[in-house]
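Visitor:
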Amino acid sequence: MRWSTSVLRTPSAVFIGVLIAAALAAAAVSRYAPTAMDKTAVLTVPSWRHLMGTDQFGRDILSRLLFGARVALLVGIAATVVSAVFGVPLGLWAGFRGGPADAVAMRGVDTLLAIPPVILAMALVAVTGPGSVNAGIAVAVVGLPQFARIARAGTLAQRRMEYVEAAVAAGAGDAWIIFRVIMRNVLSPVLVQLPIGVARAILLEASLSFLGLGTQPPHPSWGLMISESREYMYTAPWYGIFPGAAIALTVLALNNVSDHLRSLWRV
Numbered sequence: 014m015r016w017s018t019s020v021l022r023t024p025s026a027v028f029i030g031v032l033i034a035a036a037l038a039a040a041a042v043s044r045y046a047p048t049a050m051d052k053t054a055v056l057t058v059p060s061w062r063h064l065m066g067t068d069q070f071g072r073d074i075l076s077r078l079l080f081g082a083r084v085a086l087l088v089g090i091a092a093t094v095v096s097a098v099f100g101v102p103l104g105l106w107a108g109f110r111g112g113p114a115d116a117v118a119m120r121g122v123d124t125l126l127a128i129p130p131v132i133l134a135m136a137l138v139a140v141t142g143p144g145s146v147n148a149g150i151a152v153a154v155v156g157l158p159q160f161a162r163i164a165r166a167g168t169l170a171q172r173r174m175e176y177v178e179a180a181v182a183a184g185a186g187d188a189w190i191i192f193r194v195i196m197r198n199v200l201s202p203v204l205v206q207l208p209i210g211v212a213r214a215i216l217l218e219a220s221l222s223f224l225g226l227g228t229q230p231p232h233p234s235w236g237l238m239i240s241e242s243r244e245y246m247y248t249a250p251w252y253g254i255f256p257g258a259a260i261a262l263t264v265l266a267l268n269n270v271s272d273h274l275r276s277l278w279r280v
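Each number in my numbering comes from the position in the sequence shown (counting from 1) with 13 added on.
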């Protein structure tokens, strides 16, 4: 397996890096607080004073977009990492053990996969209550089956290899074989899946916020901004265009990074 860092120099990776830097430095970059209202500048067009215009409360859209990027990236990255941390060991264990243990674990995973992601996330948030944290937990649960399936598929292909049989013959325990022998050889597809998982998590968080189940007002969120802009589609089209473009560009960039990773990993 050979890794090349050239993916970090792709335009998509540069865009993601700039977005992360802008989100982290949002307080320093933004000229206005994301919740600061100016009743004298309601739904103003983009100008030097407000580069992306203002919303119905006179809040600066650029500031809300930058602070909303924090929510999108934090939920996207954290939820995907949690999904991988729990999903990969589950898939490794099920694939290595096989038999009834594999069947029971995978039927549970298949049950989660059978439910549309948005519906499952909405049901989980309905139980725990709306909010960014609960939405992130729901997104993590929704993303877990993909990582479990990928890890299991890799384990099924590796567990009959000679190096695994040699480890068994040497008396190594199941945990050692799974996490020290097999896991390193099934990590490449998992790592390729990570950017896609983050992209899906960002889309799902935006969907929940759009429906009023994610980030709650007055805190900024890309999905919430699009939801609030629906009443002003004709009078202030820029209101919804900017957060929509941010979501689209971020998801496309993450998918492109995943494509580059897939071409650079050699097994």
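Glycine included, C-beta positions come from ideal geometry on N, C-alpha and C.
Since the structure is predicted, the reported quantities are computational estimates derived from the model, not experimental observations.
Between residue 127 and residue 45, what straight-line distance do the alpha-carbon atoms span, to the nearest angstrom?
Guide: Within the sequence shown, the letter at position 114 stands for residue 127. Within the sequence shown, the letter at position 32 stands for residue 45. One C-alpha to the other measures close to 44 Å.
Visitor: Report buried or exposed for residue 263, applying the criterion of at least 16 other Cβ atoms within 10 angstroms of its Cβ.
Guide: The sequence position of residue 263 within the sequence shown is 250, counting from 1. The residue in question, residue 263, is buried, as its Cβ has 16 or more Cβ neighbours within 10 Å.
Visitor: Along the alpha helix (DSSP H) that carries residue 77, what are the first and last residues, could you check?
Guide: The residue you call residue 77 lines up with position 64 of the sequence shown. That run of the alpha helix (DSSP H) goes 74–110.
Visitor: What's the call for residue 178, buried or exposed, on a 16-neighbour Cβ count within 10 Å?
Guide: Stepping through the sequence shown from its first residue, residue 178 is reached at position 165. Label assigned to residue 178: exposed.
Visitor: How long is the line joining the alpha carbons of residue 68 and residue 55, rounded to whole angstroms?
Guide: Within the sequence shown, the letter at position 55 stands for residue 68. Within the sequence shown, the letter at position 42 stands for residue 55. The straight-line gap from Cα to Cα measures roughly 6 Å.
Visitor: Would you call the stretch 145–153 and the stretch 183–197 touching, i.e. three or more CB-CB distances under 8 Å?
Guide: Too few Cβ pairs lie closer than 8 Å, so no.
Visitor: Just the C-alpha distance for residue 196 and residue 235, rounded to the nearest angstrom, thanks.
Guide: Here residue 196 refers to the residue found at position 183 when the sequence shown is read from its first residue. Here residue 235 refers to the residue found at position 222 when the sequence shown is read from its first residue. Straight-line Cα distance between these residues: approximately 36 Å.
Visitor: Who does residue 228 pair with in a DSSP beta bridge?
Guide: On the sequence shown, position 215 is the one that residue 228 refers to. Answer is none; residue 228 lacks a bridge partner.
Visitor: Going by C-alpha to C-alpha distance, which of 62, 73, 71, 82 sits closest to residue 228?
Guide: As a working note, residue 228 is residue 215 in the sequence shown. Residue 82 is the option with its Cα nearest to residue 228.
Visitor: Would you identify the three-state DSSP class for residue 67, choosing helix, strand or coil?
Guide: Here residue 67 is taken as the residue at index 54 of the sequence shown, counted from 1. Strand.
Visitor: In this structure, does DSSP put residue 234 in helix, strand or coil?
Guide: Within the sequence shown, residue 234 is the residue found at index 221, counting from 1. In the structure shown, residue 234 sits in coil (DSSP, three-state: anything other than H, G, I, E or B).
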